[in-house]
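Some notes on the structure that comes next.
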Amino acid sequence: MEAKESTRTRIGFSRMEKKYEWKDHVIFMGILLAMAVWVNRGIEIKGLYMDDLYFWSCYGEQSFLQYVFPVGSTRFRFLYYLAAWLEMAAVKNHVGWFVPFNILLNAAVSWSIYFVGRRLSRAKGIGFLCGLMFLISRMAYYQIGQVLGLMETMALWMAVMILWYLFRYLNEKDSQIYFCLSCVLYFGVCFVHERYMALFPLLLLVLLFKKSRKLLEWGAGLLSFLLVQVIRAFTIGSILPAGTGGTQVADTFSLGDTFWYALSQIAYVFGINAGPEHLNGCPWGQSPLVIKVLVLLADAAIAVIVLAFVVKLAREKRKDYRIQMLKNSTLFILFTGLCIASSSVTIRVEMRWVYVSLVSALLFLAYMYGELTEGVKPELYLKRLWPWGAAFACYVVFMLPVELFYRTDYPKLYLWPNQLRYNSLAEETYGRYGDRIFGKTIYIIGNSYEMSDFTARTFFKVFDRDRTAEGTRVEFIENIRDIGLVDDRMLVLREDPDHEGFQDITEIVREMKLQVDYGYYSDGWMDEDASLTVMAGETGVIDLEVVYPGIMSGGEAVRITKDKDEPCYLPVRSNVVNTTIQAEPWQMVHLTFEYNFYMQNAQEQRGEDRLAAIVHLTVR
1 MEAKESTRTR
11 IGFSRMEKKY
21 EWKDHVIFMG
31 ILLAMAVWVN
41 RGIEIKGLYM
51 DDLYFWSCYG
61 EQSFLQYVFP
71 VGSTRFRFLY
81 YLAAWLEMAA
91 VKNHVGWFVP
101 FNILLNAAVS
111 WSIYFVGRRL
121 SRAKGIGFLC
131 GLMFLISRMA
141 YYQIGQVLGL
151 METMALWMAV
161 MILWYLFRYL
171 NEKDSQIYFC
181 LSCVLYFGVC
191 FVHERYMALF
201 PLLLLVLLFK
211 KSRKLLEWGA
221 GLLSFLLVQV
231 IRAFTIGSIL
241 PAGTGGTQVA
251 DTFSLGDTFW
261 YALSQIAYVF
271 GINAGPEHLN
281 GCPWGQSPLV
291 IKVLVLLADA
301 AIAVIVLAFV
311 VKLAREKRKD
321 YRIQMLKNST
331 LFILFTGLCI
341 ASSSVTIRVE
351 MRWVYVSLVS
361 ALLFLAYMYG
371 ELTEGVKPEL
381 YLKRLWPWGA
391 AFACYVVFML
401 PVELFYRTDY
411 PKLYLWPNQL
421 RYNSLAEETY
431 GRYGDRIFGK
441 TIYIIGNSYE
451 MSDFTARTFF
461 KVFDRDRTAE
471 GTRVEFIENI
481 RDIGLVDDRM
491 LVLREDPDHE
501 GFQDITEIVR
511 EMKLQVDYGY
521 YSDGWMDEDA
531 SLTVMAGETG
541 VIDLEVVYPG
551 IMSGGEAVRI
561 TKDKDEPCYL
571 PVRSNVVNTT
581 IQAEPWQMVH
591 LTFEYNFYMQ
601 NAQEQRGEDR
611 LAAIVHLTVR
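Residues in the sequence shown are numbered from 1 upward in steps of one, following full-length UniProt numbering.
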């Protein structure tokens, strides 16, 4: 007996007593959190655009009830709208907080996947690998890089928990509570994203598998579905879900396209980018050979586990157990199939819609591992490791560089260039000037980015605590000749298509338009002696306004010399004097000023001479 225990201690593996198992969980969760931060480094949201900006504008301009319960809209996602309202209320004008929030939320989802995968596989390591594969997936681009990623993450999380609770209901005794939780989650997820209405057959399936005769359970399933439809009909006037990109499913549905889109989603789950570049960054045909080989090796590792599971299923002598395995497998397969079908009926397939199917496949794989190692005690983890754990680990090892490679192609995704541009716009304006941006006119040379009027009106409101950005305007110009002299109420930017961004050229344009040799300052004050060169406008007229905010004694005058012309004298008989200088259009005009007076009792002296007056120059 002692020898047997000694052998068991040598090959068996309880590294810690059961009561210290929580430490393993903390370690794995910490690693997953660190991975979430590391793998998403470099993804930023500094400025909002398109759907993100639209939803923020609704938050900024509508009441709470109007925002959360948009009766009459094309979509009614009140549960997501509630979460989005709370998120925006917490973030306020700190736009850069959205990505860290998304990362933390995705890490929390990975923790749930870890615990579910651990229960299905009866192995913490397999659960950890499931959570890891979820985090590193290329399909996370939207969840992390967009404010609306909250919607996709919420829906995925709730859908996965529906799957888990239905699994528990199917496999545990006295599990009615899990079916009720699934019904509640189903009702909720339909008001996060309506495509998950397709999961309703799962509720009926598990009741049939369980041979339930409880009216409460059947009633809960049917009521959750009917209640969703009644609310949708009352609030948006339709029970059919809207399509993507402003389309309607009823108008764009094609059986042939749906079949092709379903196949492409299956390919995505198995690591193959079966779609155009703007939707996945790098199609399969353009992928390097080494990436293709790694994907095929990863799929081979999956095939080993699946084939072994099928063999075990066929050889299982316990009839009831075999039937239960079939039921569980059907649950996973149908869940994945319904998720794929629900996102194949519109005009395209985006990777973010495949994310939930990938998670389902990972958990199904964990379940297979658990069945293949059934009967082996969890503490004998080396025995459980070979060969099925090794096959699972090989899948992860092969797919890790693949997912990281495809993540480097995010800039090719349809939404990425615009996000980079508006990040740059935020950096070059609010990021550089802070609240001083408000009230300015922002001139942008060119509009090849095709910024909409809505974006121009709304973009800077996001950064204002009062959500108004009062007095802030965006105007597009062809070149710097379209504006006059640059003052403190202006910013001048140019598009930088090579870097998908903008450049702040305010100071460059200011100096091109007005070159000060000495004696003139940005706030308009001028010394007794000053020299500058100004670019005339389209008409060549330069308007001068001389303001002397002191007490006049009489005889005050300004000697003004234009280029090499004869000097002219401007008498200053009042505190404000105006004059004009005529030049050639777009001419660079050199002007010198000499005052026979100065500002009495001035509290500062900026140059060698004393301050004399405030001069405003305007070109026409």
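Even glycine gets a Cβ: it sits at the ideal position worked out from N, Cα and C.
Can you list, in chain order, the residues of its chain with a C-beta nearer than 6 Å to that of residue i? Leave out the 5 residues immediately preceding and following it.
i, result
"residue 545", "578, 616"
"residue 561", "567, 592"
"residue 145", "43"
"residue 4", "Residue confidence for residue 4 is low, a pLDDT of 41 falling below 50, so the modelled location carries little weight; the figure read from the coordinates is stated next. There are no such residues."
"residue 161", "185"
"residue 307", "none"
"residue 362", "130, 133"
If I follow the unbroken beta strand (DSSP E) through residue i, where does it start and stop?
i, result
"residue 563", "Note, residue 563: premise wrong, no beta strand (DSSP E); not H, not E."
"residue 503", "501 to 504"
Out of curiosity, what's the CA-to-CA distance linking residue i and residue j?
i, j, result
"residue 206", "residue 166", "7 Å"
"residue 348", "residue 261", "7 Å"
"residue 270", "residue 182", "28 Å"
"residue 443", "residue 293", "51 Å"
"residue 83", "residue 370", "36 Å"
"residue 244", "residue 540", "53 Å"
"residue 158", "residue 110", "13 Å"
"residue 353", "residue 338", "12 Å"
"residue 430", "residue 85", "23 Å"
"residue 641", "residue 149", "Lying outside 1 to 620, the shown extent of the chain, residue 641 is not represented and no answer is given."
"residue 93", "residue 438", "13 Å"
"residue 499", "residue 416", "12 Å"
"residue 474", "residue 198", "44 Å"
"residue 613", "residue 487", "17 Å"
"residue 140", "residue 607", "58 Å"
"residue 16", "residue 392", "In this prediction, residue 16 scores a pLDDT of 47, lower than 50, which makes its location untrustworthy; the coordinate-derived value is nonetheless stated afterwards. The straight-line gap from Cα to Cα measures roughly 24 Å."
"residue 63", "residue 78", "14 Å"
"residue 344", "residue 254", "10 Å"
"residue 252", "residue 75", "17 Å"
"residue 241", "residue 178", "28 Å"
"residue 105", "residue 373", "32 Å"
"residue 8", "residue 39", "Confidence is the limiting factor: at residue 8 the pLDDT is only 41, short of 50, which leaves the residue's position unreliable and the question unanswerable from this model."
"residue 24", "residue 31", "11 Å"
"residue 130", "residue 331", "18 Å"
Can you tell me which of the three DSSP states residue i falls into?
i, result
"residue 265", "helix"
"residue 15", "Because the pLDDT of residue 15 is 49, which lies under 50, any placement of that residue in the model is unreliable, and the question is left without a value."
"residue 599", "coil"
"residue 517", "strand"
"residue 485", "coil"
"residue 469", "coil"
"residue 340", "helix"
"residue 619", "strand"
"residue 451", "coil"
"residue 57", "helix"
"residue 7", "For residue 7, the pLDDT reaches just 37, beneath the cut-off of 50, and the residue's location in the model is therefore unreliable, leaving the point undetermined."
"residue 525", "strand"
"residue 20", "helix"
"residue 530", "strand"
"residue 614", "strand"
"residue 316", "coil"
"residue 427", "helix"
"residue 593", "strand"
"residue 606", "coil"
Is residue i near the ligand NAP - that is, is its Cβ less than 6 Å away from at least one heavy atom of it?
i, result
"residue 210", "Within the structure as shown, the ligand NAP is missing, as the structure has no ligands at all."
What does residue i pair with, by DSSP beta-bridge criteria?
i, result
"residue 444", "476, 493"
"residue 578", "545"
"residue 218", "The partner list for residue 218 (beta bridge, DSSP) is empty, contrary to what the question assumes."
"residue 570", "558"
"residue 588", "535"
"residue 242", "248"
What is the residue span of the alpha helix (DSSP H) that residue i lies within?
i, result
"residue 371", "351 to 372"
"residue 155", "149 to 171"
"residue 414", "Premise fails: residue 414 is in no alpha helix (DSSP H) and is neither H nor E."
"residue 399", "390 to 407"
Between residue i and chain B, is there a C-beta pair that is closer than 7 Å?
i, result
"residue 88", "Absent from the structure is chain B; it holds one protein chain and no more."
Could you name the residues of the same chain whose beta carbon sits closer than 7 Å to that of residue i, not counting the 5 residues immediately before and after it, in chain order?
i, result
"residue 142", "149, 152, 352"
"residue 327", "170, 209"
"residue 524", "614, 615, 616"
"residue 98", "45, 91, 147"
"residue 364", "332"
For residue i, I'd like the list of residues in its chain whose CB is within less than 8 Å of its CB, leaving aside the five on either flank, ordered along the chain.
i, result
"residue 610", "527, 528, 598, 599, 602"
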